[in-house]
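Just so you know, we're using this note's numbering here: the sequence shown kicks off at 23 and counts up by one.
Ideal Cβ positions, reconstructed from N, Cα and C, are used throughout, including at glycine.
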Amino acid sequence: MINIDRCLCHNRTFASLKDVAAAHGVNDLESLQKIVPFGNNCQLCHPYVRVMLRSGQVVFNQVLTDSALEEIDVDVDIKPKEEID
Ligand code: FES
Numbered sequence: 023m024i025n026i027d028r029c030l031c032h033n034r035t036f037a038s039l040k041d042v043a044a045a046h047g048v049n050d051l052e053s054l055q056k057i058v059p060f061g062n063n064c065q066l067c068h069p070y071v072r073v074m075l076r077s078g079q080v081v082f083n084q085v086l087t088d089s090a091l092e093e094i095d096v097d098v099d100i101k102p103k104e105e106i107d
């Protein structure tokens with residue numbers, strides 16, 4: 023099983039990004055990038071950060087892409103990990 027938990031290019035975990043977002047009241051990727059450096063290289067972390075900002079999930083076991091997110095309603099289908107466990 024894969025565990026995807028960070029922006030690899032900046033070695034910045036989604037958990038740490040979640041904490042920064044909460045501390046600054048930020049709920050979108052672009053605003054978060056203005057506060058903390060991440061996601062400006064390959065950008066493969068972007069869909070994970072978008073889901074994290076909506077759901078609170080910080081570890082993922084499946085590959086997400088921006089195009090795949092457009093096909094699903096992440097507001098409805100993805101719950102915080104704490105609710106799943
Ligand atoms: S994994 Fe985040 S920019 Fe590459």
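Assign residue i to one of three DSSP states: helix, strand, or coil.
{"i": "F60", "result": "coil"}
Starting from residue i, trace the alpha helix (DSSP H) in both directions and tell me its first and last residue.
{"i": "H46", "result": "F36 to H46"}
{"i": "L54", "result": "L51 to Q55"}
Task: Length at least 4, wholly inside the region 61 to 90: the alpha helix (DSSP H) runs in chain order - done: 68 to 77
Open item on the list: Which residues neighbour the ligand COA when neighbourhood means a C-beta less than 7 angstroms away from any of its non-hydrogen atoms? List them by chain order.
Closed with: Absent from the structure shown: the ligand COA. Ligands present: the ligand FES.
Open item on the list: Counting beta carbon pairs with one atom in the region 75 to 92 and one in the region 55 to 64, are three or more of them shorter than 8 angstroms?
Closed with: With the cut-off at 8 angstroms, the region 55 to 64 and the region 75 to 92 do not touch.
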